[in-house]
Every structure is written in C-alpha cells, then in structure tokens.
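Taking it in order: structure first as structure tokens, then the write-up.
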Amino acid sequence: MIDFKALANEYKTPLYVYDFDYMTTQYEALKEAFRGRKLIIAYAVKANSNLSVVKHFAKMGSGADCVSIGEVRRAFLAGIPSYKIIFSGVGKTDDEIREAIEKDILYINVESEAELGRVELIAKELGKVSRISIRVNPNIDPQTHPYISTGLHDNKFGVDLSTAKRMYIKANASEHLDPVGIHFHIGSQLTELKPIYESAEIVADLVRSLAGIKIELKFFDIGGGLGIKYDNETTIKPYDYAQAILGCMKGLDLTILCEPGRFLTANSGYFLSKVLYEKQNGEKRFVVVDGAMNDLLRPALYKAYHKIEAITENQGEKRAVDIVGPVCESGDFFAKDYELPELAHNDLVVVHSAGAYGFGMGSNYNTRGRSAEVALENGKARMIRKRESFDDLIALEKEFLES
Ligand SMILES: *Cc1c(COP(=O)(O)O)cnc(C)c1O
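FYI, in my numbering the residues of the sequence shown are 1 to 403.
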C-alpha cells in the first residue's frame, strides 16, 4: 500500500508518483515471455520520458524507442547505449536525421519514400552509412481508440507493402543505406491479439520475400501497443503475445525488437490532487481538485477512463460526481459520474494508471506549472522532477518585456 497522504504532505499536490518496482516487474515479465530468443526491449520513451524513469530501464538493459531527437538525447543522458536506440516518427527533420546518424544509433525507422531519400542524402553528406528499418503499415484495424490507431492506410504512419519492398531494393542498392530492420506498430492500448498476429504474418512474409532477393534483415521490430487494465479490460498476456509473434516468425532467425511504453509504465503511476471544493449546479455534483487537464490530458483528449480513489475520512453514502480541475475548459475533468462519498477540503483524489502519457502530455495552459514527479523504489520515495515555478514558466519571455 502506498501512503498517498504522506507523499502529498511531503511533496504537495498536484503530484505524480511512480512505483519503479512495478516497472521492473512489467519489464521482467515481458523479457521472460521471450526467453531464449534474441530480444531487445526498446522502451518507448514518449510514454514517460522522465530521465530517472529512462535510467531505471537503462539499468535493466533496456533500449529506447524515440520519436524525436530530444528523446534520443534523453536516452543517451539516461545511459542507454547507442546500439539499443532507435528513432521512429513520420516527420523527422534534416537536423534530427543528421544527429541520429552522427550518434550512430541502432537504426532509423523510415516512414516514407521521401524520408528514405533524405536519410540517404544526409548520410552521403556525412560520408557515412545509415542503418535503417522501414515501417510497414499492414492496413490492419487494431480495434482501439481511433486516435491511437496507427496501422490502417487511413493513418499517417508507415508505408504499404509494395512501397516498402521498393524502398528495401533502393536502400540495398545504396552505398549510404544499410537496411537492417523491418517495423510495424499498429496502435496503442491493444487488447486483442488477432490484429497483432495478422500484422506480424504480413510483415514476416515480406521478410521472407526480401530474403529471396538476397536482402537479409536482422531485426524484426514488432512495435509497442500492449494494452493494460484501466478498468476491467481483458489484456494480452506477455506469454501469449510472445507465442503469437514467434509463431509468425517460423524459420526466421531475426532479433526481435519490441517497443512497449504503456505496458511498462501506465499502472506504475498515480496522479494525486487535493480537493478544493464540492459544488452542486442544480442536480449536478462536482468536486473541484487542484490538478487539471494540463497535468493529465487523457480524459479530455480521449475521454479515457481512469480509476479514481478518494482518500477521505468520510464514509458516507456514495453519489455520482464529476471530478474537475480549475482550468477554464469544460473538457477539464478526470472522471464523470463517478461514485464517491462527500469530500472535504484537502481530501485526496488519486487518479490511477497515470504513469504513461500523463506528465509527458502536460502543458502550461492557464499558466500552471507542471507537477512534481516522485519515484518509489524499495520502499523509499525520492523526487525525480521539481514542481515548475512561475519563474520557470516565464523564463523564455521575460527578456522581451523591455522591447
Ligand atoms: C508510441 C509508440 C510506441 C509505444 O506504444 P505503447 O502503446 O505505449 O506501447 C511504440 N512504438 C512506436 C513507433 C510508437 O510511436
């Protein structure tokens, strides 16, 4: 049991708390599922990019899946070796590509023919060879929220099969490109195995067909996307996931690379807010807390469900309530019609499953400083990011006041 009250007293609210031991458990479970196979787990840094979190994974031997050069720099700072860092994303700039090649990361996940051309040109300018992988869009419906679906031709990600093949042939013929991997990532919060299995089959077939023309790849990158329990979802067991992937890879001796984000961190995280007020607008009951959508955007952005725990002395009857923040938007809520007892000023509201796509999606909207972040490890708490001050918020504007 985590003593949220003590943490809120010591570090104030709003506050993110991450159970590092839980992250370890998840990492080990995934690793165990693929035991005996050549495997790189490349933690998807965007899920929770706090340097101490990335370092925690680095210490366990994790690699990093990055979607900006900023994330690549974070991975290096956290101690992840270059040969375990990959760089994905549909819109890499020339500067980002140049730096990735100079840093000699494992590979760049290329997402279009045009991008392949840029990578080749930049590698040529640098007099280097860039290792690449191509992101295939298998056109499979992942059956998840449309905003986090990425594997359909309707989505901006990756290239279709015939384009991918043409790109491999081009890359293979280039002096400055070394095609080493193949990649797919069809979406996030996946709770069905079938779309993953179907995508892996399609991609494995392409690997075989490339081998037939002497293009031998080394990395089979299965992306991330493993879903977690926010509520009572049935999730994919790591063992079943691994078996499905391995089933598709029969006869292929490639290193598996997987890019979990949410699976590793979501349920390690809690977001703590203090109750400011109870109010009633006609029939409608609200609890206003000091945390807001600028701290945790998922409910506003996806209508995402998060389990809420109220820490209060009050054991009275529960009634439906909307938990809302101070930000001037009607989308600023953590839960709607949630059953909670009457809450008092300074009671705590804990939002569960907040360890992935929480802090990182935060903003300074309404000139609110971002929350502090705290790690729990071996029964001890430590700060891993300070609360932002007003001075932090205005630092880049202040000098222009005079002009
Ligand atoms: C976001 C992302 C991931 C991680 O997704 P999760 O659902 O958090 O596991 C992995 N790979 C790529 C390319 C991504 O964009």
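From the three backbone atoms N, C-alpha and C, an ideal C-beta is built for every residue, glycine too.
Nearest-angstrom Cα separation, counted from Leu15 out to Ile250 | Residue identity differs from the one stated: residue 250 is Lys in this sequence, not Ile. The straight-line gap from Cα to Cα measures roughly 47 Å.
Taking Cβ positions, are Leu226 and Tyr241 nearer each other than 8 Å?
-> yes
Given a cut-off of 8 Å, decide if Phe87 and Cys66 are closer than it, judged by their beta-carbon atoms.
-> yes
Just how far apart, CA to CA, sit Phe263 and Ile228?
-> 6 Å
Minimum C-alpha distance to Ile140 - residue among Ser68, Ile186, Ser133 | Ile186
Buried or exposed (CB count within 10 angstroms, at least 16 for buried), Met293 = buried
Flag Ala114 as yes when its Cβ comes closer than 7 Å to any non-hydrogen atom of ligand 1, and as no otherwise.
-> no
Look at the alpha carbon of Ile256 and the alpha carbon of Ile236, and state the distance between them as a whole number of angstroms.
-> The straight-line gap separating the alpha-carbon atoms of Ile256 and Ile236 is approximately 18 Å.
Inter-residue CB distance, Gly291 and Gly358 (contact presumed, cutoff 8 Å) | Gly291 to Gly358, Cβ: 11 Å. No contact.
Which first and last residues belong to the beta strand (DSSP E) in which Asn109 is found?
-> 107-110
Would Gln280 be called buried (16 or more neighbouring beta carbons within 10 Å of its own) or exposed?
-> Taking a 10 Å sphere around the C-beta of Gln280, we find fewer than 16 other C-beta atoms and assign the residue as exposed.
Spatial neighbours of Lys92 in its chain, beta-carbon cut-off 7 Å, leaving aside the 5 residues before and after | Glu115
Tell me the DSSP bridge mates of Gly181?
-> Ser133, Phe219
Phe87, enclosing beta strand (DSSP E) - first and last residue = 85-87
Should Arg262 be counted as a contact of ligand 1 given a C-beta to heavy atom distance under 7 Å?
-> yes
Mapping DSSP to helix, strand and coil, what is Arg70?
-> Per the sequence presented here, residue 70 reads as Gly, with Arg not at that position. DSSP places Gly70 in helix when its eight states are reduced to three.
Neighbourhood of Leu126 by C-beta, 8 Å cutoff - its chain only, sequence neighbours within 5 removed = Arg98, Ile101, Glu102
Looking at the structure shown, is Ile236 part of a helix, part of a strand, or coil, going by DSSP?
-> Residue state, collapsed to three classes: coil.
Under the rule that 16 or more other beta-carbon atoms within 10 Å means buried, what is Asp104, buried or exposed?
-> exposed
For His185, verify whether its CB is less than 7 Å away from any heavy atom of ligand 1.
-> It does: the Cβ of His185 is within 7 Å (strictly closer) of some heavy atom of ligand 1.
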